[in-house]
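Protein chains in written order, with my numbering: chain A, 1 to 501; chain B, 1 to 322; chain C, 1 to 148. In this text, a Cβ means the ideal position worked out from N, Cα and C, and glycines have one as well. Structure, as structure tokens:
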Amino acid sequence: MDILANLQLGFSIAFSPWTLMLAVVGCFIGTIVGALPGLGPSNGVAIMIPLTFSMGLDATASLVLLTAIYYGAMYGGRISSILLNIPGDEPALMTTLDGYPMAKAGRAGDALVISGVASFVGAFLATIGLMLLAPLLSRIAYQFGPAEYFALYVLAFSTLGGISSNNQAKAAIASCFGLMIAMIGLDPNSGMPRLTGGNLHLMDGVDFLVAIVGLFAVSEVFFFIESHGKSGALGITLGKVTIPWAEIWTTRWTMLRSSFLGFIAGVLPGAGASLGSFMTYMMEKGIAGEKGGFGTGVAKGVAAPEAGNNAAAGGALVPMLTLGVPGSGTTAVLLAVLMTLNITPGPTLFSDRPDVVWGLIASLLIANFVLLAMNVPMVKVFVRILQVPPALLMPAVTMISFVGIYSLTGSYFDLILVVAFGVLGYVLRKMDVPTVPVIMGILLGNQMEKQLRDAMVLSEGDWTYLFSSGISVGLIIAAVLGFLAPMFLRRYMTKPQAISD
Amino acid sequence: MKARFLKALATSAVLGLGATTAATSAECIAPANPGGGWDFTCRQIGKILFDIGQVDAPVQVTNMAGAGGGLAFSTVVNERNDDAELIVAASSATTTRLAQNAYGGATADQVRFVGAIGADPGVIVVAADSPLQNLGDMVEAIKADPGSVAFAGGSAVGGFDHMKPLQVLLAAGFTDITKVKYIGVDGGADAITQTVGGFTQAMTGDMSEIVGFLKSGEVRALAVLTEERVPGFEDIPTAREQGFDVVAVNWRGLYVPGGISDDAFNAWAAKLQAVADSDEWKQAMADNGLAPFTKVGGDFQNWIDGVIAQTQDLSRQLGVIQ
Amino acid sequence: MSRMSDRIFGLVVILVALAYIAGALQIQTSFLSDPVGSKTFPVIVASIAVLCGGIMIFRPDAEPDWPEMRTVLSLAVSVVLLVAYSYALKPLGFILPTAIAAGILSYQISPRPAYAAIAGIGLSVGLFALFKMILGLGLVAFPKGLLG
Chain A
1 MDILANLQLG FSIAFSPWTL MLAVVGCFIG TIVGALPGLG PSNGVAIMIP
51 LTFSMGLDAT ASLVLLTAIY YGAMYGGRIS SILLNIPGDE PALMTTLDGY
101 PMAKAGRAGD ALVISGVASF VGAFLATIGL MLLAPLLSRI AYQFGPAEYF
151 ALYVLAFSTL GGISSNNQAK AAIASCFGLM IAMIGLDPNS GMPRLTGGNL
201 HLMDGVDFLV AIVGLFAVSE VFFFIESHGK SGALGITLGK VTIPWAEIWT
251 TRWTMLRSSF LGFIAGVLPG AGASLGSFMT YMMEKGIAGE KGGFGTGVAK
301 GVAAPEAGNN AAAGGALVPM LTLGVPGSGT TAVLLAVLMT LNITPGPTLF
351 SDRPDVVWGL IASLLIANFV LLAMNVPMVK VFVRILQVPP ALLMPAVTMI
401 SFVGIYSLTG SYFDLILVVA FGVLGYVLRK MDVPTVPVIM GILLGNQMEK
451 QLRDAMVLSE GDWTYLFSSG ISVGLIIAAV LGFLAPMFLR RYMTKPQAIS
501 D
Chain B
1 MKARFLKALA TSAVLGLGAT TAATSAECIA PANPGGGWDF TCRQIGKILF
51 DIGQVDAPVQ VTNMAGAGGG LAFSTVVNER NDDAELIVAA SSATTTRLAQ
101 NAYGGATADQ VRFVGAIGAD PGVIVVAADS PLQNLGDMVE AIKADPGSVA
151 FAGGSAVGGF DHMKPLQVLL AAGFTDITKV KYIGVDGGAD AITQTVGGFT
201 QAMTGDMSEI VGFLKSGEVR ALAVLTEERV PGFEDIPTAR EQGFDVVAVN
251 WRGLYVPGGI SDDAFNAWAA KLQAVADSDE WKQAMADNGL APFTKVGGDF
301 QNWIDGVIAQ TQDLSRQLGV IQ
Chain C
1 MSRMSDRIFG LVVILVALAY IAGALQIQTS FLSDPVGSKT FPVIVASIAV
51 LCGGIMIFRP DAEPDWPEMR TVLSLAVSVV LLVAYSYALK PLGFILPTAI
101 AAGILSYQIS PRPAYAAIAG IGLSVGLFAL FKMILGLGLV AFPKGLLG
């Protein structure tokens, strides 16, 4: 079977002692980053990208390290959700709903173990799903010309807003900002500088790593300065951790259902892990009914969102790898990783670079087992790390971010840009304007414009060419629906806020 | 990805400390990230030079990515102009960019081109079900309607891949070359995908990019742009035997700083010739889809001058340069 | 006045986007050009931004929770600090600017001078050791003049 042969190739790459070590290190760092309040997978990976490249790792090694950090942070995010009632990132929000009540009832250890196992099940099944589904999707490559790619990018931007914000206009503004920033630099066709204001530093455009670090990491620091780090203290103590086998067994169907639904949510472009955990929690709550006691601290309420968000994280890799369209903020960051490594994800990735794809899949499988091993018996280690006070943590995050960018580009101008993006990120987040579309715009803007221009070269300027195939029409219709639907659905689906005491 | 000229320039200033420590052994600069053609050139030639005893110590390979090779070029010209222990990987992309003034005012005579010892032959291919059977069909179709055959290639507009079909058309007496459609995509595989998918009618690229697709039967090569048919691909006719006198190969070779002595230059030329004659290099070429193409020393410099003049002429007609 | 923030933000977006369009219309084009050209896409995107800015003006959301004036000042200080840090990193080396920047940031999050001082120095030395020794980055500890 093809998949087995491919997987063998992947493991032959991923199973070297060096990459295994990187996977373990990455999982460890990732879990820490995820567990720290205020730092999630997106900022965690964002901070680590520049450092990884400065260390001169090759493509496979960097990818293994960074995906291990990514998965680790997804696992780690639940720790602060359960113990502190502070989600490390948005997908972990739903875990607070039952995790924190469980912890308050003295069952923090059980909650951590159950959620760890649920994370494993979700992530593991999603990796299997990725293996089965991605090669199928990549066969449609021959159906995608410039017009279809353009439509696909339109779809990615229009659906992203519905999930990441409560106001479509604000999400659209964020996308426009990103696209506008992406246009700065040399014109890909004529080679002439544009929109640089004559500034030489801007000739090569704004580096997306600079934007990511500024929007995600530095803006977080500003939020901590504003709140004076009030979220530091650890309220819940953790007793002896035992494995509640019987209780885990009762959640088996919840985990399987949630993994499946989460994976589907992840595959949809623009939806991502937040939707995955939200949908699975709501579904399980509906199935359990009033008697299920969701929201009071039940095992299923922890298992469902954790399986869901980890499965969605795996599912989000499918459109990212096969179409080059990230399904979430974190996959947008991972897309940045690939593009920095000169690997352009897309339909041809599977035939061009099987080593990268299958090496990645194999290392995800390995990372999963490492994480399960780390997160269940060793959870106390990570709990201790939560006690790092923000007054030490946030300066460290800032300095690591700056050094990472500086060692990569060596330019003070980029550091100034990081600060500017930090301020922008702070204002945008205050205004409830999502920052992920900004990143997406910077990442995909040049491609999107190029596909449009290529389409017009082929059609000699005939705009109807953009709607000349079933695929492009279907994608555009999906984009319009995806943009409009949240406006109507929002009445029925308002996001629950984290509970407060 | 877009080259990051200024940033990379500054980075190298920061990280450059490590690169200059081993001053005794020769250094080969690959003006790109690890994994590409230039990196291959440096690593293979460097290894074989040491293996066959042409140098005393292993050649140290430095990757200096930026501005499509422009960063390495300006570093060599400005900072290491008389370093006789330095070689730099080069290819057709180097001369195309020099000819089009894409290296920020740098010119080809600021360095000395030592030689090429292998080449990736240029090819023009169509999808297996294309009505175009040979290069003549293609030229006739474009003469009848310049928009009827759109090309996809791995280089940007005005780049080496774009030039290949235009050279054929010019050789056939068709001069309205700005009417010919070309889209530059991300590498040869993407270009083939677009062609097999029917979005473009022909793909222009290098032999190494199409080998897999030829074997799977998805594409058919109309012509290879070499002087003779390529060993291993004897069934692909050359453009020349179809009546279009065009040779366009993506050669792999080296340049050295412009300020070194003639003796040093000739010494490198001799070493390169020794590599070209070695069995190790023949094996490396076979493994990587390269065809034999050896020109070293003064011969090569003359040939390069001709190629650059020709590229400039074509670029002017196309409007890429003024 | 309530809901003023969104209105002001919408206006700013419109002004920025209009300036951007003006900039895009100035783009030089070479005479090799495709049907779309260099200007069209930036103008389209900025026009959408103008439209959305208008929507924000006419349908603003509830007022966000802005920090009080003292906190805003404190944030401004940290921005100035980080900009200064960016400029200082190259001429002054890693250790000194990092210690100062990290110390002040720490103080801003939790106003304990002694703790902040120790955190600043500890972080700068610790991170330098980490970056230089373990990760092998090419950082300069002190300005060259000091070491003679």
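{"Asked": "How about C/Gly93: is its C-beta nearer than 7 Å to some C-beta of chain A?", "Found": "no"}
{"Asked": "Taking 7 Å as the cut-off, decide whether the C-beta atoms of A/Ile49 and A/Leu215 are in contact.", "Found": "no"}
{"Asked": "Nearest to A/Pro305 by alpha carbon, out of A/Asn189, A/Thr254, A/Gly76?", "Found": "A/Thr254"}
{"Asked": "Closer than 7 Å, CB to CB, is A/Pro437 near chain C or not?", "Found": "no"}
{"Asked": "With a cut-off of 7 Å, does the C-beta of B/Val196 fall near any C-beta of chain A?", "Found": "yes"}
{"Asked": "Compute every distance between the C-beta of A/Ser351 and the non-hydrogen atoms of the ligand HEM, then say whether any falls below 6 Å.", "Found": "Because no ligand of any kind appears in the structure shown, any question about the ligand HEM cannot be addressed here."}
{"Asked": "Output yes or no for whether 7 Å exceeds the beta carbon distance between B/Glu209 and B/Gly188.", "Found": "yes"}
{"Asked": "Closer than 7 Å, Cβ to Cβ, to anything on chain A: give me those residues from the stretch 35 to 47 of chain C, in chain order.", "Found": "Pro35, Val36, Ser38, Phe41, Pro42, Val45, Ala46"}
{"Asked": "DSSP puts A/Trp358 in a beta bridge; with which residues?", "Found": "None; A/Trp358 has no bridge partner."}
{"Asked": "Does A/Ile3 pass the burial test, meaning 16 or more other C-beta atoms within 10 Å, or should it be called exposed?", "Found": "exposed"}
{"Asked": "Count the other CB atoms within 10 Å of the CB of C/Trp66; is the residue buried (16 or more) or exposed (fewer)?", "Found": "exposed"}
{"Asked": "Of the residues A/Val419, A/Met183, A/Val33, A/Leu152, which one's Cα is nearest the Cα of C/Val77?", "Found": "A/Val419"}
{"Asked": "Hey, does B/Ala57 have any beta-carbon neighbour from chain A nearer than 7 Å?", "Found": "no"}
{"Asked": "Going by DSSP, which residues form a beta bridge with B/Val249?", "Found": "B/Pro121"}
{"Asked": "Between which two residues does the alpha helix (DSSP H) carrying C/Ser5 extend?", "Found": "4 to 25"}
{"Asked": "For A/Asp187, would you say it is in contact with chain C, using Cβ-to-Cβ distances shorter than 7 Å as the test?", "Found": "yes"}
{"Asked": "Please go through the same chain and pick out, in chain order, the residues whose beta-carbon is closer than 7 Å to the beta-carbon of A/Tyr70, but skip the five residues on each side of it.", "Found": "Gly30, Pro41, Val45, Thr330, Leu334"}
{"Asked": "May I ask you to list the residues that DSSP assigns as paired with B/Leu86?", "Found": "B/Glu27"}
{"Asked": "Would B/Ala116 pass as a contact of B/Thr41 if the rule is Cβ separation under 7 Å?", "Found": "no"}
{"Asked": "Quick one: what does DSSP say B/Asn63 is sitting in, helix, strand or coil?", "Found": "strand"}
{"Asked": "Hey, is A/Tyr149's beta-carbon within less than 7 Å of any beta-carbon in chain B?", "Found": "no"}
{"Asked": "When the distance is taken between beta carbons, is A/Val318 closer than 7 Å to A/Val267?", "Found": "yes"}
{"Asked": "Mind pulling the chain A residues with CB within less than 7 Å of C/Pro113?", "Found": "None at all; the shortest Cβ gap to chain A is about 11 Å."}
{"Asked": "What are the residues of the stretch 210 to 235 of chain B that lie near chain A, defined by any Cβ-Cβ distance shorter than 7 Å?", "Found": "none"}
{"Asked": "Report the residues of the stretch 208 to 226 of chain A with a CB closer than 8 Å to any CB of chain C, ordered along the chain.", "Found": "Val218, Val221, Phe222, Phe224, Ile225, Glu226"}
{"Asked": "My assumption, with CB atoms under 8 Å, is that B/Asp190 sits in contact with B/Val123. Please give the rounded CB distance.", "Found": "Contact flag wrong, Cβ pair sits at about 16 Å."}
{"Asked": "Short of 8 Å Cβ to Cβ, which residues in the stretch 140 to 157 of chain B face chain A?", "Found": "Gly147, Ala150, Ala156, Val157"}
{"Asked": "Roughly how many angstroms separate the alpha carbons of B/Gly173 and C/Gly37, rounded to a whole number?", "Found": "29 Å"}
{"Asked": "For the stretch 439 to 467 of chain A, which residues have a beta carbon sitting closer than 7 Å to at least one beta carbon of chain B?", "Found": "Asp454, Val457, Leu458, Glu460"}
{"Asked": "Please name the residue, chosen from A/Met74, A/Ala172, A/Phe124, A/Val403, that lies closest to A/Pro434 on a Cα-to-Cα basis.", "Found": "A/Ala172"}
{"Asked": "Starting from A/Val511, trace the alpha helix (DSSP H) in both directions and tell me its first and last residue.", "Found": "No answer is possible for residue 511 of chain A: the residues shown for chain A start at 1 and end at 501."}
{"Asked": "Consider the Cβ of A/Gly145: report whether some Cβ of chain B lies at a distance smaller than 7 Å.", "Found": "yes"}
{"Asked": "Could you check if B/Asp109 is buried or exposed, using at least 16 other CB atoms within 10 Å of its CB as the buried criterion?", "Found": "exposed"}
{"Asked": "Do we get a CB-CB distance below 7 Å when we pair A/Tyr153 with the residues of chain B?", "Found": "no"}
{"Asked": "For the beta strand (DSSP E) containing A/Met320, name the first residue and the last one.", "Found": "Careful: A/Met320 lies outside any beta strand (DSSP E), inside the alpha helix (DSSP H) at 299 to 323."}
{"Asked": "Can you list the residues of chain A that C/Lys90 reaches, using a CB-CB cut of under 7 Å?", "Found": "Tyr412"}
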